[in-house]
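Residue numbers (the numbering used here), protein chains in the order written: chain A, 1 to 170; chain B, 1001 to 1153.
We treat Cβ as the ideally placed atom computed from N, Cα and C, and that holds for glycine.
Structure follows, in structure tokens:
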């Protein structure tokens, strides 16, 4: 041994780090790029189907029912309705939000498709289907073409939505 | 909307897996950390490198660990002209099957020969470990193999 320093003897190797990594280039396409650019301006942009009239957010550029391009851009409200939700109590590797937290499907006013959002500023046992929520955005200068521009949704204070108004979206 | 208005971004998907290696591969990796190459005695006395828990021909348990190398013979090889970021060497090298002295099977690793015209099947190579302080008990503890007689650099 030529080492001058005295070190603790190392035990036998029992585990091996085997990270799996995939670096890739993502192109969301024209329709979803409009949605993302909308987020950069602090608003939700969807697209309406010219045939059935449904508004999709985020739009993929076509109507999945009618198979036709969606070309009309629609700006949606900053408020919506919780259709369903899940309270996350289980910790997992890489978790970035303190548990317990609420993950909900939010149907924005004017949209015919809900999307997933984080609900905050409410005790987890008070969340309910039909709750009216509003989006809370990051500071103006921090807005980016990313869903990270939406910090979370919080109760808007309005009365709960009637079940009949969102039962189609469960 | 023109095509150029579509966004474009770099993403990374990553999972920080680790796996338990078991007693035999664990001993092999421990050997690497110590700067030693270990094989295992299989059925009929053959020496398997890298070692396995079971003999690949009989399925029976393997036996004692056996030190092999540090020299060996290149059985076959393929030249990598444009190394990728994950490769063991940043400069062009050969992936080679190397049968270490004392072993009956070949180990896959990099050979830093300097060029494809400076390597041939049957050539003798020797292991080049990373410095002891950098070794963690992983295959990358072997930086590469080099033609016997020293590195070409």
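{"Asked": "is_contact[residue 33 (chain A), chain B] using C-beta, thresh 9 Å", "Found": "yes"}
{"Asked": "Own chain, CB closer than 6 Å to residue 1150 (chain B), minus 5 neighbours either side, in chain order", "Found": "Legend: pLDDT at residue 1150 (chain B) = 48, less than 50; position of this residue unreliable, value from coordinates given subsequently. Closer than 6 Å at the Cβ level, and outside the excluded window around residue 1150 (chain B), lies no residue."}
{"Asked": "Distance, residue 1075 (chain B) Cα to residue 1112 (chain B) Cα", "Found": "15 Å"}
{"Asked": "Rounded separation between residue 109 (chain A) and residue 76 (chain A) - CA only", "Found": "6 Å"}
{"Asked": "Collapsed DSSP secondary structure at residue 131 (chain A) in the structure displayed", "Found": "coil"}
{"Asked": "Short Cβ contact (9 Å threshold) for residue 82 (chain A) with residue 45 (chain A)", "Found": "no"}
{"Asked": "Proximity below 9 Å, CB of residue 153 (chain A) to CB of residue 138 (chain A)", "Found": "no"}
{"Asked": "Within chain B, the residues that residue 145 (chain A) reaches when beta carbons sit closer than 9 Å", "Found": "1007, 1009"}
{"Asked": "Alpha-carbon to alpha-carbon, residue 21 (chain A) and residue 42 (chain A)", "Found": "32 Å"}
{"Asked": "Residue 145 (chain A) to residue 85 (chain A) span [Cα, whole Å]", "Found": "25 Å"}
{"Asked": "7 Å Cβ shell around residue 1024 (chain B) - same chain, five flanking residues per side excluded", "Found": "1040, 1051, 1052, 1053, 1062"}
{"Asked": "Buried versus exposed, by CB contacts within 10 Å (16 or more), residue 1038 (chain B)", "Found": "buried"}
{"Asked": "CB contact below 9 Å: residue 69 (chain A) versus chain B", "Found": "no"}
{"Asked": "Secondary structure of residue 1135 (chain B), DSSP reduced to three states", "Found": "coil"}
{"Asked": "At least 3 beta-carbon pairs within less than 8 Å: the region 45-63 of chain A vs the region 109-120 of chain A", "Found": "yes"}
{"Asked": "Reference residue 1115 (chain B); option with closest CA among B:1093, B:1121, B:1069", "Found": "B:1093"}
{"Asked": "Where residue 28 (chain A) meets chain B, residues with beta-carbon distance less than 9 Å", "Found": "1006, 1007, 1008, 1009"}
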